[in-house]
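Going left to right, the sequence shown walks through residues 2 to 256 as the working numbering numbers them. Don't be surprised by glycine CBs; every beta carbon is placed ideally from N, CA and C. On a predicted model such as this, the values are computed, not experimentally measured, just so you know.
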Amino acid sequence: MWRWNSLFNRPGISINLYRVREMAAEFPHVDFISVDTVPFVPHIRCANILSYEVYDLYNGIAEEDETFDIVHLRYAMLKIKDLAELVLEIHRVLRPGGLFLYCEFENEEYDASVENHDASRTAPCLVRAMRISREELDRQGVYAYAYKDVPALLNPTCALWRNEEEPRGFTNITTEAKMCPVGPWSVMPHLREVGLITQSVCCDLWRNLRSMFLTYGMNEAETDELIDGIVAELSSPGVTKLYNKYHVLYAFKHS
2 MWRWNSLFNR PGISINLYRV REMAAEFPHV DFISVDTVPF VPHIRCANIL SYEVYDLYNG
62 IAEEDETFDI VHLRYAMLKI KDLAELVLEI HRVLRPGGLF LYCEFENEEY DASVENHDAS
122 RTAPCLVRAM RISREELDRQ GVYAYAYKDV PALLNPTCAL WRNEEEPRGF TNITTEAKMC
182 PVGPWSVMPH LREVGLITQS VCCDLWRNLR SMFLTYGMNE AETDELIDGI VAELSSPGVT
242 KLYNKYHVLY AFKHS
């Protein structure tokens, strides 16, 4: 059985929900459970999608010990404050030898058109908005750099596992940062398609984060000016080659 954690990364559209359905269709012999924090669209039942659940992750994962072969967590760490507790819960529900797959976008912008990939001059509005979002996350006690902290928490030598029974922690912890283009600048056809999708998603995302800038202390005129600047930088990038880093981690629970 797979635990597929389906979280939303675009207001009003469950991109990952469709991925659950795709995987359920491709692997009909595998059972899935889809977990959301805030559902936005109707959930259609499939024979091997056992349930769609809405979670308050602070209350833990409502499953028995050693239930799942795989736990796939996507875009979730920015929605919680207690990374360590969630890692312990994932470890608890995984079977010995089970796979933990974790994916997270880095909350930073880069530009491949400049030598040091620093986008602060080529996309100043976007870089400023990223900085504000990190500061707001930090103010709320959320890990803005969760992707950096998770690998250390998985290590059996981490103090997190001191009072846990064997087997402790994870093994074969592997991380990789993938380039996700923003805009159709890549020479690779599949990445051009990804870039177009990401460009559209990012424009909608920043438009929907208006309240965050107001909470930060900006007035309405400043907020509108910043969002307009962000959308302009994303929609008409010129010679810039903007991209995000998509961090992928996988590890196995000790057998």
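| Asked | Found |
| --- | --- |
| Segment limits, alpha helix (DSSP H) that includes C204 | 190–208 |
| Test item: CB-CB of A113 and Y244 under 8 Å | yes |
| R75, buried or exposed, once every other Cβ within 10 Å from all chains shown has been counted against 16 | buried |
| Start and end residues, alpha helix (DSSP H) containing P168 | Careful: P168 lies outside any alpha helix (DSSP H) and carries neither H nor E. |
| Limits of the alpha helix (DSSP H) - the one that K80 falls within | K80 -> no alpha helix (DSSP H), and no H or E assigned at all. |
| Rounded separation between W162 and R93 - CA only | 12 Å |
| Closer than 8 Å to chain C by CB, A113 | Reference to chain C is not applicable here, since this structure consists of a single protein chain. |
| Where C126 sits in the DSSP three-state scheme | helix |
| Inter-residue Cα distance where the pair is L215 and K179 | 32 Å |
| Residue interval of the alpha helix (DSSP H) (run including D229) | 221–236 |
| Whole-angstrom distance between A147 and L84, CA atom to CA atom | 8 Å |
| Burial state of S236, where buried means 16 or more other Cβ atoms lie within 10 Å | exposed |
| Heavy atom of the ligand MG within 7 Å of T68 beta-carbon | The ligand MG is not part of the structure shown, which contains no ligands of any sort. |
| P29 - DSSP class collapsed to helix/strand/coil | coil |
| Integer-rounded CB distance, given that P152 should sit under 8 Å from R169 | The Cβ separation is near 15 Å, so there is no contact. |
| Distance, I91 Cα to P12 Cα | Low confidence applies here, because P12 scores a pLDDT of 26, under 50, leaving its location unreliable; read the following figure in that light. P12 and I91: Cα-Cα distance of roughly 26 Å. |
| Exposure label - H73; buried when at least 16 CB within 10 Å | buried |
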